[in-house]
Amino acid sequence: MFICINHGDNQSFLVNTDCPILLLLSHLRSKVGVPATDVIDVCDKLGTPKLLFQVKTLRERASEFLPAPGTYYVCRVELGTPGTAQELASRTFTPLLKDPSVALIEGLRQHGQHTHRRLQRSLKAAEGRRAPATEALPAGTHGQGAGKAAARGAARPGEEQEGAPRRTPQPPGGRQQRPRQR
């Protein structure tokens, strides 16, 4: 359950991944000397970021994202302008190493570009989509409340619906008649 973290001038230390990701990132910041305001992540030797900075809950475990044994590098993440669509679209990953390998730098650069392109495509696709018009609803649902339409369409013939049982019509006189025995 231990991984090796490399940073700075070829410095390294071991980390136990059997902990929440947020705790791991906090520990990495203190060991590497990065301010709490900076966004950091780790990447593998090919420059693939693990995107740990996107995790927001304590339930996510580091061992789920960082297989052991392994060697990872600390990276600083620079996001786009806060409060704009570019905040999430543009990311730059900078390894916190004195002499990073060319493969590591190239992998981080490519991943930042792919993330940027992927988000731009999804934003354009979202702009092209529109909410369905009322003409798109089935003919039987016009003029009915959403609850009635949903309830009527929910049960198929021969299936029972949830809720209160239906009352059977009472014969005149208000009493149910028993079937005659022969």
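Residue 106 in this note's numbering sits at position 119 of the sequence shown, and the numbers go up by one each step. From the three backbone atoms N, C-alpha and C, an ideal C-beta is built for every residue, glycine too.
Under the criterion of beta carbons closer than 8 Å, residue 53 and residue 60 do not qualify as touching, at roughly 12 Å. Ranked by Cα distance from residue 45, the options 92, 10 and 70 are led by 10. Counting along the chain, residue 21 sits inside no beta strand (DSSP E), nor does DSSP assign it H or E at all.
Following the DSSP letters along the chain, one finds residue -1 inside the beta strand (DSSP E) bounded by residues -2 to 3. Of the residues 37, 3, 83 and 31, the one whose Cα lies closest to the Cα of residue 20 is 83. Annotation for residue 65: the continuous beta strand (DSSP E) segment containing it runs 58 to 66.
Shown here for residue -6: same chain residues with a beta carbon closer than 6 Å to its own, the five before and five after excluded, namely 19, 61 and 83 in chain order. For the 7 Å CB-CB criterion, residue 93 and residue 79 do not form a contact. When 29, 12 and 47 are compared, the shortest CA-CA separation from residue 23 is found for 12.
Distance from residue 8 to residue 47 at the Cβ level is roughly 5 Å; contact confirmed, criterion being Cβ atoms closer than 8 Å.
Straight through space, the alpha carbons of residue 26 and residue 32 are spaced by roughly 20 Å.
Here residue 4 is buried, its C-beta having at least 16 other C-beta atoms within 10 Å.
Within the same chain, and ignoring the five residues on either side of residue 50 in sequence, the residues whose Cβ sits closer than 7 Å to its Cβ are -12, 4 and 5. Note on geometry: alpha-carbon atoms of residue 36 and residue 99 lie some 9 Å from one another. Around residue 0, the same chain offers -9, -8 and 18 as residues with beta carbons nearer than 8 Å, after the five sequence neighbours per side are excluded.
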